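Beneath this line is the structure, given in structure tokens, with notes to follow.
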Amino acid sequence: MEFVYTEEERMMLQMARSFAEKEVKPLAKDTDKEHKYPAETVKKMAELGLMGVSVPVDYEGSGMSNICYSIAIEEISRHCAATGVIMSVNNSLACDPVKIFGTEAQKQKYLADMASGRKLGCLGLTEPNAGSDAANLSTTAVLDGDDWVINGRKIFITNGNEADYCILIAATDKSKGHRGLSAFIVELDNPGFSVGTLEDKLGIRGSSTAELVFEDCRIPKDNLLGEVGKGFKVALTTLDGGRIGIASQALGIARAAIEDATAYAKERVQFGKPIAKLQAIQWMLADLSTQYEAARLLTHRAAYLKDQGQSFGKEAAMAKLMAAETAMKAATQGIQILGGYGYTTDYPLERYFRDAKITEIYEGTSEVMRLVIATNILQ
Amino acid sequence: MSIVVCAEQRDGKLSKVTFEALSEGKRLAAASGETLKALVIGSGVAACADELKKYGADEIAVADNEALAAYTTETYAAVLAAYIAQESPALVLMGHSTVGRELAARAAGIADCGLVSDCVAIESADGDYLFKHPVYAGKAIGTFKISGATRLATLRPNVFAIEESDGAGAVVDFAPEIPAAKVTVKAVNKVSGDRPELTEADIICSGGRGLGGPEGFKLIEDLADSLGAAVGSSRAAVDAGWREHAAQVGQTGKVVSPNLYIASGISGAIQHLAGMGTSKYIVGINKDGEANIFNVADYGIEGDLNKIIPALVEKLKEA
Amino acid sequence: MKIVTCIKQTFDTEAKIVVGGDGQISDEGVNMILNPYDEYAVEEAIKTKEKDGGEVVVVTVGGDKAQEALRYSLAMGADRAVLINDPALEKADSHAVSVALAKLLSDKEAGYDVIFAGKEAVDDGAAQVPSRLAAKLDLALANVVVAVELADGKATVTREIDGGTEELEMALPALISAQKGLNEVRYPSLPGIMKAKRKPLDVVSLADLGLSAEDVASKVEMVSAELPPARKAGQKLTGEVDEVVAKLVELLKNEAKVI
Chain A
10 MEFVYTEEER MMLQMARSFA EKEVKPLAKD TDKEHKYPAE TVKKMAELGL
60 MGVSVPVDYE GSGMSNICYS IAIEEISRHC AATGVIMSVN NSLACDPVKI
110 FGTEAQKQKY LADMASGRKL GCLGLTEPNA GSDAANLSTT AVLDGDDWVI
160 NGRKIFITNG NEADYCILIA ATDKSKGHRG LSAFIVELDN PGFSVGTLED
210 KLGIRGSSTA ELVFEDCRIP KDNLLGEVGK GFKVALTTLD GGRIGIASQA
260 LGIARAAIED ATAYAKERVQ FGKPIAKLQA IQWMLADLST QYEAARLLTH
310 RAAYLKDQGQ SFGKEAAMAK LMAAETAMKA ATQGIQILGG YGYTTDYPLE
360 RYFRDAKITE IYEGTSEVMR LVIATNILQ
Chain B
300 MSIVVCAEQR DGKLSKVTFE ALSEGKRLAA ASGETLKALV IGSGVAACAD
350 ELKKYGADEI AVADNEALAA YTTETYAAVL AAYIAQESPA LVLMGHSTVG
400 RELAARAAGI ADCGLVSDCV AIESADGDYL FKHPVYAGKA IGTFKISGAT
450 RLATLRPNVF AIEESDGAGA VVDFAPEIPA AKVTVKAVNK VSGDRPELTE
500 ADIICSGGRG LGGPEGFKLI EDLADSLGAA VGSSRAAVDA GWREHAAQVG
550 QTGKVVSPNL YIASGISGAI QHLAGMGTSK YIVGINKDGE ANIFNVADYG
600 IEGDLNKIIP ALVEKLKEA
Chain C
156 MKIVTCIKQT FDTEAKIVVG GDGQISDEGV NMILNPYDEY AVEEAIKTKE
206 KDGGEVVVVT VGGDKAQEAL RYSLAMGADR AVLINDPALE KADSHAVSVA
256 LAKLLSDKEA GYDVIFAGKE AVDDGAAQVP SRLAAKLDLA LANVVVAVEL
306 ADGKATVTRE IDGGTEELEM ALPALISAQK GLNEVRYPSL PGIMKAKRKP
356 LDVVSLADLG LSAEDVASKV EMVSAELPPA RKAGQKLTGE VDEVVAKLVE
406 LLKNEAKVI
């Protein structure tokens, strides 16, 4: 077993860190405060190949490993979790299903568009009555001549307001439950499509969370992704990969909180010495650092298994569970270490705190992660 | 054996660090019993030689030639290297200015001598010398030794004390062969106007992100002008485009050590401290009471610099 | 156009400096990066190639680890790299480095039109190698350069001097050392990183260059290193604006005696 970066991973780290510090960090506060989608940054990330990290070069991706992908998401989320999730959704939730389930023609067009960053992707899965219980979808797709006709509403869709393409999961046969679901690629400049409500959120405020409204939205028959009735599998496979992205995002938030709190503890003098000399503070930082390292190893292992073509669903769930809970804890205790200052917007800890919470919820809540892990170990 | 100080002049005006180097050369010569020689290179620089007499060099060599009217590294370095070949000095000192550092390095390259750049202290011991030079942007101080008969060192400006001495010796001509210049100087543009050069200034007033914008530097300039000071900047303000890079103090900017450094609206990141941490006195003005600058400032004022600086300028005018 | 860029791998500028038991600075666990000023040099070389065509060769003196900095330059867009790696160069000073580079550039890598380098490395802060190398290769030299134009076999540059700038003109080949502000350094793209793995990186020893250990014997030796004395926080002046200002002026005049 080797715990060293390859040359490619090291370069990825150096590049992503430097990019995040110089390009992402200066905008992070305003991105959050003004709910501002970081369009310029996303464009720069696209030029560098960050929007299709592990998509093959043949489809205009960067052809890198999932470990490199994880490293990049962590570094970007270290300074701005909203920018991190925009990237993660395009890579994991939009590119990945087309890469895995798409036809050659779909890959040439849609995968290449999204991996190159010319177009932005999103995943349309969640509905008002189907969150963690994805089998209970009410959005329908009906074949009518050469078109699929889609009707229904999707909610909480990250990138929904800016996306050009949507990987949509809809019911093609409601009587069959999750076996009646199918996946589609929808081009969103369609008269049957509109963006509904935009959520006002606690955190990741620079990324949009939108309602997608489909009203007799007609798409070509060829835009079926995978087979009819296999939509549930597309969704689950996609989410497994997405969890590596979200785990990496959570790692970035956790590291941000730990690094900022550590720097503060070394400088803040109370009772005649830096508070870092107090055991109460030391134990918090020791526990957080340990949990961060553990979460990182889990995340990199899940990414490694995915690179090897082995099953990684359980490992990705463990990684996301651990990383998300570590991010939340690190942000909570980070604020505690900064005391009153941590509670103000003068320091970014409160932003980390607000951003961390969503990592315990989206792409499967921590409860669903435990369910996935339990199902795996009890089967 | 001798100690040689290579004087730096531009338009007949000697740089301050030249006097610092001569004063240090005199002290080292007294300790080691070497003779002190000064070399001035240029065209029409007789007056410079006269001025150098104030520092008690045993001999002042003047390489005066029209071909040396404009400074180019290759011609000046050739003269310096020829002088080193003629004198075989134990030690050659000059200022660590933009010109001094390249001139010393190019001459060292010709003469195949060891050179320690940017020294903050030199000790003579048993016929040898120890050179102290900050490394990693001042995060550590290295002590260096040079092997070989001749050792070169450039001295950080504003660190070595200036002392005048009597007993200057003769002025002699030095006329080596001067190679053709490879570089043509098309123009020289002065930018800092009447204010002193940053690395040589006794007082520096610097501004950072806390100024709020490029217009905030008006305050810093007012303060600088009331003190006869130079104007510096933090990296944040340079990166934001509020000030040209030449004004940047810190790890990737200039390293300065004035008698007084007034940092306004500068948080005091480690990279900034690396560039000004050896200042004799530091004043920090910042609205954030937790700013790191207060951990190094001799005098700290927590508050609104938009109120404090104008009041300070008024007070200085009264005084 | 053959464009050579001399680089150095240095400590990350954020790195904490630790002096080991042997009195020397420890590199254990330190993140190594391409010297920030050298990044400008690599960028300028790639920009020049993009404009005028040709080849960018990145060269350095260092150990095995220095390959990372070369690969990073290749990922940015340089074409090939040469590492001079030899046990005799382990403690190379600026003299030794310039001797080795000069031999490489006057022999195996001769025929360059321009050499770029960073104006100094952020570790030893010596700022010697470009000028020493120019001396050894008898080249026109411009240090601390903030603008470059190459045309008709000539370089026109703007460089910083104390208190201003100078505009210089010189015939190629010339050596130009980069100052911050010369350009906007690009990030290596992900495809660039992947391509870099397959670009040629030659490792040469002193013997390959026809040099002996004596040829590159260092002249400068760091006897020891110490951390600078920590500055202590002084006093905070409090009160109304007029009061603190008066107090400050008083202290600067009578206590510090600096105004």
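Chains as they are written, first to last, in the numbering used here: chain A, 10 to 388; chain B, 300 to 618; chain C, 156 to 414.
Where a beta carbon is used, it is the ideal one built from N, C-alpha and C, also for glycine.
In this text, all values refer to a predicted model and were calculated from it rather than measured experimentally.
Here the region 170-181 of chain A makes contact with the region 195-214 of chain A; the two share three or more CB pairs at distances below 8 Å. Bounds of the beta strand (DSSP E) holding C/Q164 are Q164 to F166.
Under the Cβ distance rule, C/R341 does not count among the residues neighbouring chain B, no pair being separated by less than 8 Å. Between the region 440-455 of chain B and the region 295-304 of chain C, the count of C-beta pairs closer than 8 Å stays below three; the two stretches do not touch. Look at the region 577-595 of chain B: the residues with a C-beta under 9 Å from a C-beta of chain A are D587, E589, N591 and N594. Judged by DSSP in its simplified three-state form, B/C347 adopts helix. The Cβ atoms of C/V197 and C/M156 do not sit closer than 8 Å to each other.
In summary, C/V254 is buried, with 16 or more beta-carbon neighbours lying within 10 Å of its beta-carbon over all protein chains present. Under DSSP, no beta-bridge partner is assigned to A/H88. With respect to chain B, the C-beta atom of A/E302 has no partner C-beta closer than 8 Å. Beyond the five residues adjoining it in sequence on each side, A/E224 comes within less than 7 Å, by CB distance, of N160 and G201 in the same chain, given in chain order. The region 301-313 of chain B makes no contact with the region 262-278 of chain A: fewer than 3 CB pairs, one atom from each, lie closer than 8 Å. DSSP places A/C226 within a strand segment (E or B) once states are collapsed to three. A distance below 8 Å between beta-carbons, with the five flanking residues on each side excluded, links A/D156 to the following residues of its chain, in chain order: R227, I228, P229 and K230. If you draw a 10 Å sphere on the C-beta of A/P106, you find 16 or more other C-beta atoms in it, and that means buried. For A/G261, the enclosing alpha helix (DSSP H) has its first and last residue at G240 to E276. According to DSSP, residue pairing for B/L429 in a beta bridge involves B/E422. Taking 8 Å as the CB threshold, C/K163 stays off the interface with chain A. The shortest CA-to-CA distance from B/E543 to any of B/D472, B/N558, B/L497 and B/G583 is the one to B/L497. Residues of the region 268-282 of chain A with a C-beta atom less than 8 Å from some C-beta of chain B are E276 and R277, listed in chain order. Taken atom to atom, the span from the alpha-carbon of A/Q258 to that of A/Q23 is near 17 Å. Residues of the same chain with a CB within less than 6 Å of the CB of B/T371, apart from the 5 flanking positions on each side, are A480 and V482 in chain order. Inter-segment contact for the region 569-585 of chain B and the region 600-611 of chain B is present: three or more beta-carbon pairs are separated by less than 8 Å. At a cut-off of 8 Å between C-beta atoms, B/I445 counts as an interface residue with respect to chain C. When only Cα atoms are considered, B/A328 and C/I180 end up about 32 Å apart.
Between C/P191 and B/T551, the beta carbon gap of about 6 Å places them in contact (Cβ cut-off 8 Å).
Listed by position along chain A, the residues whose Cβ is nearer than 7 Å to that of C/A333 form an empty set, because the closest Cβ is around 17 Å away.
Beta-bridge pairing by DSSP links A/I166 to A/A219.
Taking a contact to require three or more Cβ pairs closer than 8 Å, the region 329-336 of chain A and the region 271-288 of chain A do not qualify as touching. In the structure shown, A/N160 falls within a strand segment according to DSSP collapsed to helix, strand and coil.
Contact note: B/I607 reaches chain C through V396, V399 and V400, using a C-beta cutoff of 8 Å and chain order. Setting aside the 5 residues that flank it on each side, C/K202 is surrounded in the same chain by N338, each with a C-beta closer than 7 Å to its C-beta; the list follows chain order.
In terms of beta-carbon proximity, C/S228 stays away from the interface with chain A, with every pair separated by 8 Å or more. Residues S556 of the same chain have their beta carbon placed closer than 6 Å to that of B/T577, with the five preceding and five following residues left out of the count.
About 14 Å separates the CB atoms of A/N170 and A/N99; that is not less than 8 Å, and the two are not in contact. The beta-carbon of C/A243 is placed no less than 8 Å from the nearest beta-carbon of chain B.
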